[in-house]
Structure formats: structure tokens, C-alpha cells
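Here the structure comes first, spelled out in C-alpha cells, and everything after it is commentary.
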Amino acid sequence: SLDPHLALSAMWSLNYLLADTVWFAIPDFMQRGNPDYSLHHLVSFVLLYGMFVAKGVIVRFLPLFSLCESTALCFNIAFILRLAGLRDTIYVTFFEHLFAVLFFITRVFNLTFCTHAMLLLESVNTKDNYPIMAFMLISIAVLQYFWFYKIMVRVIYGPKKKDNQDEKTKKL
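First residue of the sequence shown? That's 1 in our numbering, and the numbers climb one at a time after it.
Quick look at the structure:
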């Protein structure tokens, strides 16, 4: 049977994912047409599905996956500071860089390690589970590298000119 703490963690993660999908990812995709964030959510739903298909063994990894969401705190603080008019300040830069460092640790390193470890689990390596789990876990790992690439481009080169022009337009 599933540990009650893990079940609570799984339900919390699912609820967070559902709320973020309904209130942010879908409206963002409909408004901007950018599939990146929606793709992230789609892969996350497949991940949660895979955790339950593999007879509960993979649910033990959920706390390590939830750790990845801790990076959102730095991302959101930087976002709020930009909204507060502190766009080109050391505070925003600090939280953006901290976000990039934590993203590397929790998602690129930790999550890649977890996905590889899960592929080696006996319960995942069954004839029925392996194809969907391999696809899901490899997709999750590749998605982290894709996001980290985008984060590093922004850290190194700054925001796109379109972002700057949009900001100037808002001030007019």
C-alpha cells in the first residue's frame, strides 16, 4: 500500500499541476501561441500517470520531483519585482541568477539522475511498463535541458528585444 505522506504529496502535486495548467498554461498558450509551457504540463501529466501505472514504486520519487518546483519561488519573486518596476535592478538579476543555479541543481542534475534511476528499476523494466516509462522519463529529462538552454540564453543575452519593446509600449 502507498504511504499516506506520499499519497498526500501526489495529490498536492496533481492539484498544483491542474491549477497551473488551467489558470496559466492554457491561457498563456491561447494568448501567445507559445507551446513551451503547455508541453511542459503535458509531459508532467504523463509523468504523474506513469507514477501510478508502475504499481506505486515510482511514487517514492515524487518528493525529488516536487523539489524541482522550489525553483519557482525565485522565478516568481523576480517576476513580481519586475512588475513592481524594478526590472533593471540588482534584485531582479539576483533572483534570476539564483533561479538558473537552482534550476541546474534541481532539474538538470537531480531530475536527470532520478529519471535514469527509475529506468533501472525492476518494476519499470517490465514488458508492459517500459515503453511508456522510457518515453516519459526521457521526455522529462530532455525537457529540462531545453528549458535550461532557454534560461541560459536569457541570463547571458538578456530579454528578447520584443520583451523590451513591449515594455516601452506599455510605458507610452
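We put the CB at the ideal spot given by N, CA and C, even for glycine.
Item                                                                                                                                          : Value
Just the C-alpha distance for Asp-88 and Val-153, rounded to the nearest angstrom, thanks.                                                    : 17 Å
For the alpha helix (DSSP H) containing Ile-80, list its first residue and its last residue.                                                  : 71-83
For Leu-102, which residues in the same chain have their Cβ closer than 8 Å to its Cβ, ignoring the five residues on either side in sequence? : Ser-70, Thr-71, Cys-74
Among residues of its own chain, excluding the 5 on either side of Ile-90, which ones have a beta-carbon nearer than 8 Å to its beta-carbon?  : none
Are the beta-carbon atoms belonging to Leu-83 and Val-92 less than 8 Å from one another?                                                      : no
Determine the DSSP secondary structure at Phe-29, reduced to helix, strand or coil.                                                           : helix
Where does Asp-128 fall in DSSP's three states?                                                                                               : coil
Using only the alpha-carbon positions, how far apart do Ser-139 and Gly-85 sit?                                                               : 37 Å
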